[in-house]
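What follows is one structure encoded as structure tokens, with my remarks underneath.
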Amino acid sequence: MALTDIRHYDAIIIGSGIGGAFAALALVRAGQRVLVLERGDWISRGAANWTPEGVWELTPAHSMEAPYELRSGGRRSRVGGFHCVGGMSVFAGGVALRFRERDFEPAPEIVGGSGAEWPYRYADLAPFYDEAERVLGVAGSTGEDPTEPARAQSYPQAPAPLASLSRRIGDSARALGLSPFRLPLAINYANGARKACIGCSTCDAYACAIEAKNDVSTVVYPDLIARGLVLEPNTVVTGVERESTRATAVHTVHRATGERRAYRGTRIFLAAGVIGTPHLLLASGLEHANPGGDAVGRYLLRHCNAMTFGFFPARPNPAGEFHKQLGVHDFYFGDPRGGAPEGKLGCIQQVMPPPLGSLQKRLGRPLMRFLTPVMHHMTGLLSIAEDQPNAANRLTIDRSRSDRYEMPRVQIAHEYSARDRAARQALVDWAKRILRGAGARFFYTHHIDTFSHAVGTVRAGLEPGTSALDAWCRFRGIDNLYVVDGSFMPTAAAVNPSLTIAANALRTATLALEEGR
């Protein structure tokens with residue numbers, strides 16, 4: 032395409048999720064003229080967010096306009112895309128955990144022969160974790176988590192009081208000899224200029240109706256836009272051009288009008304997500320400039336997760352309180368009491384009951400009439416098992432078929448290993464013990480197959496042949512192209528990845544500015 036209507040910025044960021052937001056934060060603070068390009072739109076806030084239709088997959092943020100083809104577990108399916116200003120931070124439950132120090136030195140039972148290695152250590156990221164927690168206003172307490180990493184400061188906010196159901200779950204865990212701790216949450220509990228959390232039950236999987244959840248569309252972008260950042264929603268990036276060792280232009284098309292534009296930037300940051308970023312790299316042919324180009328799209332990680340729900344004779348949460356409050360890390364680095372598999376397992380966290388809107392979509396309203404009364408008698412625990420990097424778990428493109436924006440179709444292949452599944456089952460067994468001790472009589476376990484915790488696909492590392500990014504998360508072979516979303520991660524650890532994505536984006540943008548490229 033001819034470069035008409037060219038506009039130039041100091042930095043162009045593709046994607047407005049948590050990685051794009053924190054890269055933008057560092058750049059705008061440094062006086063850079065920054066453009067953020069976002070495929071989705073702003074999410075409206077109001078009473079509709081409290082309804083069953085407010086769950087993420089029923090909103091306009093979820094779209095089948097350019098679906099992905101997924102092959103997983105012997106099944107083939109079509110998966111819709113998810114795009115909005117702020118990305119999944121808008122609909123996530125707000126858990127903001129740091130990776131543990133030992134996560135940056137991955138265990139052999141996780142890495143195997145994959146060659147995964149972190150190009151830096153926890154201490155290198157610690158000051159950026161501090162800043163990310165401050166910006167997100169994370170509420171938490173220290174000294175409870177047995178795997179808590181070193182930190183230079185306390186949390187910006189104290190946590191809210193425990194719900195009665197959380198106290199019940201905590202008592203059960205302690206009776207089993209475990210050490211439940213308060214999950215750090217990016218939620219506003221203080222009385223200030225913004226509304227404080229009211230403890231409703233529509234948090235995880237919903238946009239906050241009163242903007243008390245500290246997602247980046249609420250606490251980062253408004254201030255940056257006031258300081259000069261340009262954010263273009265509903266804008267699909269269709270290609271990145273390069274000349275020799277530099278990216279030179281970004282091509283876009285507007286979703287509603289079809290208008291095409293091109294932009295130039297001194298630096299370009301990819302933050303389109305674990306699917307969108309490798310898709311754009313491959314569609315643009317940029318892997319050919321990279322000595323580790325074969326790694327682009329490979330090593331997709333998405334945690335081996337399961338939600339175990341316990342059913343109680345009486346309603347465990349009659350007041351409908353928010354209760355995603357406790358975590359258990361006693362098995363993070365293995366089960367001290369033995370059991371298979373040996374080595375690192377993962378974590379357990381409280382979860383709310385499944386959203387009514389999601390169940391209605393899958394099961395239909397007639398069946399939901401019978402299930403809804405039962406749902407009030409259940410509560411759940413989420414098991415997060417760290418999965419092993421596998422080169423065969425990957426994203427590829429099919430150039431013989433295109434979507435409505437003339438982008439090649441995405442194909443995804445993913446399988447969990449036997450160890451992944453065994454680690455998940457070990458955590459599920461403990462989750463059942465905790466729920467049983469709290470009074471549950473029987474259980475249902477749902478294996479999660481979404482991409483909510485997905486990372487990898489454009490991993491960083493020290494070896495050019497096996498990693499597409501260097502220690503600064505710069506794309507090898509292109510001096511001014513960086514990746515700041517979760518696709519940079521060589522391993523997934525076993526906690527929610529959002530805070531680490533934010534901290535790494537701050538680090539990458541800061542180093543890029545210091546380097547002066």
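For the sequence shown, our numbering gives the first residue as 32, with consecutive numbering after it.
Every residue gets a Cβ at the ideal spot worked out from N, C-alpha and C, and that includes glycine.
None of these values were measured; they are calculated from a predicted model.
Item                                                                                                                  : Value
Same chain, Cβ closer than 8 Å to G496, five either side skipped, listed in chain order                               : P322 and G323
Endpoints, alpha helix (DSSP H) assigned at P439                                                                      : Careful: P439 lies outside any alpha helix (DSSP H), inside the beta strand (DSSP E) at P439 to H445.
Where L493 sits in the DSSP three-state scheme                                                                        : coil
Beta-carbon proximity of G71 to V126, cut-off 8 Å                                                                     : no
Proximity test, Cβ basis, 8 Å: L357 and chain C                                                                       : Among the protein chains of the structure shown there is no chain C, as only one such chain exists.
Residue interval of the alpha helix (DSSP H) (run including T283)                                                     : Per DSSP, T283 belongs to no alpha helix (DSSP H); it is in the beta strand (DSSP E), R277 to H285.
Presumed contact (8 Å Cβ cut-off) between G282 and G296, rounded CB distance                                          : Looking at the sequence shown, residue 282 is not Gly but His. Not really, about 12 Å apart at Cβ, beyond 8 Å.
Length of the line joining the Cα atoms of L357 and F506                                                              : 38 Å
Among A55, R440 and A278, nearest to V67 - alpha-carbon criterion                                                     : A55
Rounded straight-line distance, which links the Cα of V441 to that of G105                                            : 18 Å
Among A525, L544, F519 and A523, nearest to G50 - alpha-carbon criterion                                              : F519
Other residues of its chain near L458: CB distance less than 8 Å, five sequence neighbours each side excluded         : A337, F362, L376, G377, C378, I379, S414, I415 and A416
Cβ neighbours of S248 in the same chain (closer than 6 Å, five flanking residues each side left out)                  : V116, G117 and V121
Residues of its chain near R464, where Cβ-Cβ distance is below 7 Å and the 5 sequence neighbours each way are ignored : L207
Supposed close pair Y190, R225 - CB separation, criterion 8 Å                                                         : First, the amino acid is wrong: residue 190 is Pro here, not Tyr. 18 Å between Cβ atoms; not a contact.
Within 8 Å, strictly: CB atoms of Y220 and A163                                                                       : no
For A57 and A154, the rounded distance between their alpha carbons                                                    : 19 Å
Top-ranked residue by Cα proximity to A280, from I45, I74 and A525                                                    : I45
Proximity to L429 [Cα-Cα], best of R291, G328 and E136                                                                : The sequence shown places Asp at residue 429, not Leu. Out of R291, G328 and E136, G328 has the C-alpha closest to the C-alpha of D429.
Terminal residues of the beta strand (DSSP E) in which T410 lies                                                      : M409 to A416
Inter-residue CB distance, A278 and G508 (contact presumed, cutoff 8 Å)                                               : Between G508 and A278 the Cβ distance is about 11 Å, and since that is not below 8 Å, they are no contact.
Other residues of its chain near T539: CB distance less than 7 Å, five sequence neighbours each side excluded         : A54, W503, C504, Y513 and V515
Validate contact between the region 170–185 and the region 128–141 using beta carbons, cut 8 Å, 3 pairs               : yes
DSSP state of H478 mapped onto helix, strand, coil                                                                    : strand
Contact belief for Y294 with Y40 at Cβ below 8 Å, rounded distance in angstroms                                       : 7 Å
Residue ranges of each alpha helix (DSSP H) within the region 108–144, 4 or longer                                    : 139–142
For T35, three-class secondary structure by DSSP                                                                      : The predicted position of T35 is uncertain, since its pLDDT is 47 and thus under 50; no value can be drawn from it.
Residues of its chain near L34, where Cβ-Cβ distance is below 7 Å and the 5 sequence neighbours each way are ignored  : Low confidence applies here, because L34 scores a pLDDT of 42, under 50, leaving its location unreliable; read the following figure in that light. Correct list, in chain order: A280 and A293.
Meets three-Cβ-pair contact criterion under 8 Å: the region 74–83 and the region 233–250                              : yes
Spatial distance of V532 from G517 (CA atoms)                                                                         : As written in the sequence, residue 532 is Ile, which differs from the Val given in the question. Computed Cα separation, rounded: 6 Å.
Euclidean distance between Cα positions of P528 and V486                                                              : 8 Å
In DSSP terms, what Q380 is bridged to                                                                                : G358 and L413
Enclosing beta strand (DSSP E) for D155 [first to last residue]                                                       : Per DSSP, D155 belongs to no beta strand (DSSP E); it is in the alpha helix (DSSP H), Y153 to L167.
Contained alpha helix (DSSP H) runs [length at least 4] in the region 158–236, N- to C-terminal order                 : 195–206
N-terminal and C-terminal residue of the beta strand (DSSP E) that I428 is part of                                    : R425 to S433
DSSP-derived helix/strand/coil call for R333                                                                          : coil
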